[in-house]
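Residue numbers (the numbering used here): 111 to 291. Glycine residues also receive a C-beta, built at the ideal position from the N, C-alpha and C atoms.
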């Protein structure tokens, strides 16, 4: 696999080695050994999958300490724009974000370490999104940031009148220093 660094320390794009012939294709989507060699020790404990239609925007979500999560995400059907916002306490890039297009065609994965809020928007008719987490979901630690926070200036690549957003995500607060983890 190829590790592609982003403009924010710790956020990594992972490009698997991909083999295609007349029979179809094959790629190794995850190897604990290779991942650990490239990123460091991360023990994933939960795999999640969501299916969403065009215009769905999920995020920006994170879990508060002591239940912060690292995630390894990918889109196995369709296309999304995936966003990670730095909310690490004391980070020189606090409030900055990286956007990555993930699709069934490019097979890219995005590693989001602890200390980031995460979200994505669906650009295709349907998208199936998978993610590995290194901490279980804890509802009492659930938190988020307003995805339309003007200070973040995120381009979700969906017209505002076409966005489908959960009631909970519509009323989140803009990023503040209290969000730092």
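In this structure, DSSP gives residue 138 a state outside helix and strand, which the three-state scheme calls coil.
Secondary structure at residue 157: strand, using DSSP grouped into helix, strand and coil. Excluding sequence positions up to five before and after residue 234, its CB lies within less than 6 Å of the CB of 188 and 189, all in the same chain and listed in chain order. Rounded to whole angstroms, the Cβ separation of residue 180 and residue 224 is 5 Å, and the two are in contact under 8 Å. Taking the Cα of residue 270 as reference, the smallest distance to any Cα among 167, 130 and 113 is reached at 167. Burial is judged here by how many other beta carbons sit within 10 angstroms of a residue's own beta carbon; residue 160 has fewer than 16 and is exposed. Distance from residue 229 to residue 170 at the Cβ level is roughly 4 Å; contact confirmed, criterion being Cβ atoms closer than 8 Å.
Excluding five sequence positions before and after residue 152, the CB atoms of its chain that fall closer than 6 Å to its own CB belong to 180 and 244, given in chain order. In the DSSP assignment, residue 278 falls within the alpha helix (DSSP H) that extends over 277-280. Under the three-state reduction of DSSP, residue 152 is assigned to coil, being neither helix nor strand.
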